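Visitor:
Numbering (my numbering), first residue to last: 33 to 398.
1. Check for me: the alpha helix (DSSP H) holding residue 379 runs from which residue to which?
2. Have a look at residue 191 and residue 204 and give me their C-alpha separation to the nearest angstrom.
3. For residue 347, which of 130, 245, 217, 158 has the nearest alpha-carbon?
4. Where does the unbroken alpha helix (DSSP H) through residue 315 begin, and where does it stop?
5. In three-state terms, what does DSSP make of residue 269?
6. State the DSSP-derived secondary structure class of residue 44, mapped to helix, strand or coil.
7. Would you tell me roughly how many angstroms separate the C-alpha atoms of residue 248 and residue 363, rounded to the nearest one?
8. CA-CA distance, residue 74 and residue 88?
9. Ignoring anything shorter than 3 residues or poking outside the region 218-268, list the beta strand (DSSP E) runs there in chain order.
10. Beta carbon of residue 252, beta carbon of residue 180: below 7 Å?
11. Excluding the 5 residues flanking residue 128 on each side, which residues of the same chain have their C-beta closer than 7 Å to its C-beta?
12. At what residues does the alpha helix (DSSP H) containing residue 386 begin and finish?
13. Kindly indicate which residue of 334, 383, 350 has the alpha-carbon position closest to the one of residue 226.
14. Using a Cβ-Cβ cut-off of 6 Å (strictly less than) and excluding sequence neighbours within five positions of residue 396, which residues of its own chain qualify?
15. Roughly how many angstroms separate the alpha carbons of residue 290 and residue 119, rounded to a whole number?
16. Quick one: measure Cβ to Cβ for residue 178 and residue 194, integer angstroms, because I've assumed they're closer than 8 Å.
17. Nearest-angstrom Cα distance between residue 256 and residue 237?
18. Nearest to residue 116 by CA position, among 62, 224, 199, 386, is which residue?
19. Please name the residue, chosen from 196, 258, 147, 212, that lies closest to residue 224 on a Cα-to-Cα basis.
20. Could you say which of 342, 210, 241, 228 lies nearest to residue 372 if we only look at CA atoms?
21. Excluding sequence positions up to five away, which residues of its chain have a Cβ less than 7 Å from the Cβ of residue 126?
22. Taking 6 Å as the limit between beta carbons, can you name the residues of its chain near residue 64, skipping five residues before and five after?
23. I'd like the list of long-range same chain contacts for residue 148, defined as Cβ closer than 7 Å, with 5 residues on each side in sequence excluded.
24. Check whether the Cβ atoms of residue 221 and residue 390 lie closer than 7 Å to each other.
25. Given residue 361, which residues of its chain have a CB within under 8 Å of its CB, disregarding the five upstream and five downstream residues?
26. Around the C-beta of residue 269, are 16 or more other C-beta atoms found within 10 angstroms, so that it is buried, or is it exposed?
27. What residue from 295, 99, 196 has the CA that sits closest to residue 353's CA?
28. Could you compute how far the alpha carbon of residue 266 sits from the alpha carbon of residue 167?
29. As a quick exercise: from 136, 114, 56, 293, pick the residue whose alpha carbon is nearest that of residue 278.
Have a look at this one:
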């Protein structure tokens, strides 16, 4: 009679079940995130969603939320490790590779006016978010900072990049991203409508390039900027995208300054602190700048850069899907209307204040 095979003792855990290598535990979650990303990629190519300016990142988190509140609870025991890995490590890898979308030459393309407008809009929008969110709406600081980052820089990508710095929960991130989706989508319809009305009534003298700067410096998502600029001609679209990418480039210094600020606040609030607490440096933000600098030298062939950008989109979409899977709709409901109202007021500032700042800077430098 043949002897039955026994499992070596070192492959058994404390419960007597077969021990699985930690890396193997990641695969189910990675596969689930990849499936959702593939579906989101397909949907993002549909003409209707393209016209709405919904990027693959936005669709990925929406699909993640749907699956996360229906099927995922039963899949969590086998997929949880991979989803957490995706949400943390693939996110950081995606932000680092995001630098390949940028070059420092883009800064020169919009000139001093474009840079000043972007700096003023970013800083003013974020500080207004802090003031309104904390003083007026009494919203928790993490949610306020996430909404402020999403509105002032580059939408969902900025929110995802800010999450590790402020150490926010998935539910708060989802709330912040929902505000970007709502008002960024509204911008796709309002901005072209305003541009056509302005041509008819001649409220403000606006060239295509000036409208492109206005759009790029005030609209939330890159995809939404492309959708708006495309309706007004090539000059408006090109300028809008470049202006927007400069805002994206400001993400890294923003994260470094925010991290330094939070570290200082933590030191002051520490009763038993015997010295300054160390600054938590978001290293992925440093590498983001390094990648942008490297890409500025054009050392890699364009097809390779395009492939890197495609991989980056996949990584970020998988991270968004993972975020959605761990988001509870009940928590979004509990957040109430205050985050939406905050984002609405920021949207008004981006349009009205952005218009005033754009026209003022052009007037000063003309």
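Glycine included, each C-beta is placed from N, C-alpha and C at the ideal position.
As the structure is a prediction and not an experimental result, all values here were calculated from the model.
Guide: Answer, in terms of the structure:
1. Your numbering for residue 379 matches position 347 in the chain shown. First-last of the alpha helix (DSSP H) with residue 379: 370-380.
2. Position 159 of the chain shown, counted from the first residue, corresponds to residue 191. Position 172 of the chain shown, counted from the first residue, corresponds to residue 204. Using only the alpha carbons, I get a separation of about 10 Å.
3. If you number the chain shown from 1, residue 347 lands on position 315. Nearest in C-alpha terms to residue 347, of all of 130, 245, 217, 158, is 130.
4. As a first step, residue 315 is located in the chain shown; it is residue number 283 there, counting from the start. Where residue 315 is concerned, the enclosing alpha helix (DSSP H) stretches over 315-328.
5. Taking the first residue of the chain shown as 1, we reach residue 269 at position 237. The answer is helix: DSSP assigns residue 269 an H, G or I state.
6. Walking along the chain shown from the start, residue 44 turns up at place 12. Note that residue 44 scores a pLDDT of 48, beneath 50, so its modelled location is shaky; the value from the coordinates is reported in the next line. In this structure, residue 44 counts as strand in the three-state DSSP scheme.
7. Taking the first residue of the chain shown as position 1, residue 248 is located at position 216. Taking the first residue of the chain shown as position 1, residue 363 is located at position 331. Rounded to the nearest whole angstrom, the CA to CA distance from residue 248 to residue 363 is 32 Å.
8. Taking the first residue of the chain shown as position 1, residue 74 is located at position 42. Taking the first residue of the chain shown as position 1, residue 88 is located at position 56. About 9 Å.
9. none
10. Against the chain shown, residue 252 aligns to sequence position 220. Against the chain shown, residue 180 aligns to sequence position 148. The answer is no: Cβ separation not under 7 Å.
11. Working through the chain shown from its first residue, we reach residue 128 at position 96. Answer for residue 128: 316, 319, 320, 323, listed in chain order.
12. Taking the chain shown and counting its residues from 1, the one referred to as residue 386 is at position 354. Its alpha helix (DSSP H) spans residues 386-397.
13. Working through the chain shown from its first residue, we reach residue 226 at position 194. Taking only the C-alpha atoms, the option nearest residue 226 is 383.
14. Reading the chain shown from its first residue, position 364 is the one you call residue 396. No residues qualify anywhere along the chain.
15. Your numbering for residue 290 matches position 258 in the chain shown. Your numbering for residue 119 matches position 87 in the chain shown. Going from the Cα of residue 290 to the Cα of residue 119 covers about 21 Å.
16. By 1-based counting over the chain shown, the position of residue 178 is 146. By 1-based counting over the chain shown, the position of residue 194 is 162. Right, their Cβ atoms sit about 6 Å apart.
17. Here residue 256 refers to the residue found at position 224 of the chain shown. Here residue 237 refers to the residue found at position 205 of the chain shown. A straight-line Cα-Cα distance of about 23 Å links residue 256 and residue 237.
18. For the purposes of this step, residue 116 is taken as the residue at position 84 of the chain shown. Nearest option by C-alpha distance: 62.
19. Counting from one through the chain shown, the residue named residue 224 turns up at place 192. If we check each option's Cα against that of residue 224, 258 comes out closest.
20. Within the chain shown, the letter at position 340 stands for residue 372. The candidate whose alpha carbon is nearest that of residue 372 is 210.
21. The residue given as residue 126 occupies position 94 in the chain shown. Once the five neighbours on either side are set aside, the close Cβ partners of residue 126 are 344, 347, 348, 351.
22. As a working note, residue 64 is residue 32 in the chain shown. Within the same chain, residue 64 has close Cβ partners 111.
23. Residue 148 sits at position 116 when you count from the first residue of the chain shown. The residues are 393.
24. As a first step, residue 221 is located in the chain shown; it is residue number 189 there, counting from the start. As a first step, residue 390 is located in the chain shown; it is residue number 358 there, counting from the start. It is not a contact, given that the beta carbons lie outside the stated cut-off.
25. Counted from its first residue, the chain shown places residue 361 at position 329. Only 97, 101 meet the Cβ criterion.
26. Your numbering for residue 269 matches position 237 in the chain shown. Note on residue 269: 16 or more other CB atoms within 10 angstroms of its CB, so buried under the neighbour-count rule.
27. Along the chain shown, read from residue 1 onward, the residue named residue 353 stands at position 321. Out of 295, 99, 196, 99 has the C-alpha closest to the C-alpha of residue 353.
28. Position 234 of the chain shown, counted from the start, is the residue given in the question as residue 266. Position 135 of the chain shown, counted from the start, is the residue given in the question as residue 167. Each residue's alpha carbon lies about 42 Å from the other.
29. Working through the chain shown from its first residue, we reach residue 278 at position 246. Considering only alpha carbons, the answer is 136.
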